[in-house]
Amino acid sequence: PYQPLSTFAGNEMLIDVAALMEEGLVRNGDARALEALPRHTVDYGGLIPLKTGLLRRAAGRFQATASAAAKSDFDRFVERHDRDWLHDYALYRILKSQHGEKPWMDWEPAVVHREPRVLARIEGERAADLLAIKVLQFLFDRQWQGLREHARERGVTLFGDMPICIAFDSADAWANRDILRVDEDGRPDFVAGVPPDYFSEDGQLWGNPLYDWAKHASNGYAWWIKRLEASAAAADIVRIDHFRGFEAYWAVPAGAATARTGSWQPGPGDPLFAALRKAMGNLPIVAEDLGVITADVEALRRRHAIPGMHVLQFDVDVTGFELDDVEAQSVCYTGTHDNDTTVGWFRGSPDDLRSPAAIAATQSAALALTGGTAATIHLDMIQAAFATEARIAIAPLQDYLGLGSEARTNTPGTSHGNWRWRVLEDQLDAGFRRQVERLVEHSGRA
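So the mapping is simple: the working numbering equals the position in the sequence shown, first residue as 1, plus 940.
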């Protein structure tokens, strides 16, 4: 999820087929292959080509059969987004397909360098495909905004997530390399990462392109303003991952084997947030301020009244930590997508980097903090997060369910086996719902 093909576009695979069937854009025969799949399939790769073909047929039917009102809505969507990102994204997807899904740096030189004559020829030859991709983005946006309105009517807040970096292999990098630290061929001098920390002895070598912050400053941070506006249009609050990179970021020489050889370089600092606030007013963001956080990073966050984060799995091991230390202007988590589940963290998993003594010390500290038991540690940690003064308190669904390390979402510094866990509908039964209700009501957060 942190290597998207676009920071603006929606993932077409999330489009709801049932809603398209209600509109007549998908017919029963089209969906037969999807319906034949196992109820709880984990073969997402095998699903993608099936759904891709189905969605392309739906886009064609939209162009042929959609109502005048729907087509008018589509025209407004294109007018609003085409210049900023939509057209480049659609063209990028076509070119990526033509080049065997290779990264854009490995395409033929004429399209790598965006030669106008060559792009114009491809746009003419693939006009129907360009239109289909734009239609799918419109259908995604319409469904997403419907979901957001459904949530808003029920008092549910959508909390989004924005990585500070964009992906190398993305429409954003291909179309906006002038704001990145890359040459005309898309080759970087340095790439993104973080130094060694709790998660990894070698640091994390993300490999994403770094920003040319001087170029961003020269145009008033226009691209960042558009990016945050797009995120605010999709979610009510946005967590910016690796907030500390705005004060200083870890630059790793391109080609390095690990992140150990990197160095800190100055980020954009106050001018970026001043520009964002001038354009948008109050900023709907939360800072991910975990890891190596300096006084300068904290000062930057506080100057712009941006809430930070508390993760109890980390705080438990801080000598003298008490729940009263969690300030109101923050978001408190039991653990995040980068942590083990609370049960896995408490017990210690097979790939845990902690020593048995360290795990035992953590267990003692957790029980002392929560006043609970080993058997109920997942619920006790949730109750502890809810008992803080934090304006928002969050627990992953795995913690509500009391699941172990087998249900972990992501292990930082690794590239395989992550982001695979899915909840099953029958896990969210009446007993589970009553338990969540009791936790919320007991803490006074109802």
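We put the beta carbon where it would ideally sit given N, CA and C, even for glycine.
Check: So what's Ser-1037 in DSSP terms, helix, strand or just coil?; Outcome: helix
Check: Please state whether the Cβ-Cβ distance between Pro-1190 and Pro-1224 is less than 7 Å.; Outcome: The sequence given here places Trp at residue 1190; Pro does not occur at that position. In this structure, Pro-1224 does not lie closer than 7 Å to Trp-1190 by Cβ.
Check: Pick out the complete beta strand (DSSP E) segments inside the stretch 1077-1156, 3 residues or longer, and give them in chain order.; Outcome: 1099-1103, 1130-1134, 1144-1149
Check: For Leu-1216, which option in Pro-1193, His-1244, Arg-1200, Leu-974 has the closest C-alpha, if you only look at C-alpha atoms?; Outcome: His-1244
Check: Quick one: what's got a C-beta closer than 6 Å to Glu-975's C-beta in the same chain, skipping five residues either side?; Outcome: none
Check: On the DSSP bridge list, what partners appear for Gln-1205?; Outcome: Tyr-1189
Check: Which value, in whole angstroms, describes the spacing of the CA atoms of Arg-1320 and Lys-1011?; Outcome: Just to set this straight, residue 1320 is Asp in the shown sequence, not Arg. Computed Cα separation, rounded: 52 Å.
Check: Name the one or two DSSP bridge partners that His-1181 has.; Outcome: The residue you asked about is not His; residue 1181 is Asp in the sequence shown. In DSSP, Asp-1181 forms a bridge with Pro-1103.
Check: From Ala-1325 to Thr-1302, what distance separates their C-alpha atoms?; Outcome: 17 Å
Check: Suppose contacts are defined by Cβ-Cβ distances below 7 Å. Is Ile-1104 in contact with Asp-1181 by that definition?; Outcome: yes
Check: Quick check: the Cα distance between Leu-1341 and Ile-1165, rounded to an integer number of angstroms?; Outcome: 39 Å
Check: For Ala-973, I'd like the list of residues in its chain whose CB is within less than 7 Å of its CB, leaving aside the five on either flank, ordered along the chain.; Outcome: Leu-990
Check: Quick one: using the 10 Å Cβ neighbour count with 16 as the cut-off for buried, is Asp-1255 buried or exposed?; Outcome: buried
Check: Below 8 Å on the Cβ atoms is my guess for Gln-1003 versus Val-1075; work out the distance and round it to an integer in Å.; Outcome: 7 Å
Check: Asn-968: which of Leu-987, Tyr-984, Leu-994, Gly-985 sits nearest, CA to CA?; Outcome: Leu-994
Check: For the alpha helix (DSSP H) that contains His-1021, what are its first and last residues?; Outcome: 1008-1021
Check: Taking the continuous beta strand (DSSP E) assigned at Ala-1227, which residues delimit it?; Outcome: 1225-1227
Check: From Ser-881 to Arg-1348, what distance separates their C-alpha atoms?; Outcome: Lying before the first or after the last residue shown, residue 881 is absent from the chain, which here runs from 941 to 1386.
Check: Buried or exposed for His-1318, please, with buried defined as at least 16 other CB atoms from any protein chain shown within 10 angstroms of its CB.; Outcome: buried
Check: Secondary structure at Tyr-1161, three-state DSSP: helix, strand or coil?; Outcome: coil
Check: For the putative contact between Asp-1046 and Ala-1115, defined by C-beta atoms under 8 Å, what is the C-beta separation to the nearest angstrom?; Outcome: Not confirmed; about 17 Å, so no contact.
Check: Under DSSP, the beta strand (DSSP E) around Val-1251 begins and ends at which residues?; Outcome: 1248-1251
Check: Can you tell me whether Glu-1055 is buried or exposed, with buried defined as 16 or more other CB within 10 angstroms of its CB?; Outcome: exposed
Check: Ala-1175 and Leu-1098 look like a contact to me (Cβ under 8 Å); what is the Cβ gap, rounded to whole Å?; Outcome: 4 Å
Check: Which residue wins for smallest C-alpha separation from Met-887, given the options Ala-1157, Ala-1113, His-1156, Asp-1081?; Outcome: In the structure displayed, the chain extends from 941 to 1386; residue 887 sits before or after that span and is not available.
Check: Near Asp-1109, which residues of its chain fall below 6 Å by C-beta distance, leaving aside the five closest residues on each side in sequence?; Outcome: Pro-1043
Check: Report yes or no: do the stretch 1226-1244 and the stretch 1303-1311 share at least 3 C-beta pairs separated by less than 8 Å?; Outcome: no
Check: How many whole angstroms separate the CB atoms of Phe-948 and Ala-1170, which I take to be in contact at a CB cut-off of 8 Å?; Outcome: 5 Å
Check: Mark Trp-1163 as exposed unless 16 or more other C-beta atoms lie within 10 angstroms of its C-beta, in which case mark it buried.; Outcome: buried
Check: List the whole-angstrom C-beta distance separating Pro-1336 from Gly-1248, where the pair is believed to meet the contact cut-off of C-beta under 8 Å.; Outcome: Their Cβ separation, rounded to whole angstroms, is 19 Å, which puts Pro-1336 and Gly-1248 out of contact at 8 Å.
Check: Can you name the residues that DSSP bridges to Ile-988?; Outcome: Answer is none; Ile-988 lacks a bridge partner.
Check: Give me, in chain order, the residues of the same chain whose beta-carbon lies closer than 6 Å to that of Ala-1333; leave out the 5 immediate sequence neighbours on both sides.; Outcome: Cys-1272, Ala-1325, Phe-1326
Check: According to DSSP, Tyr-1273 sits in a beta bridge with which residue or residues?; Outcome: Val-1251, Ile-1334
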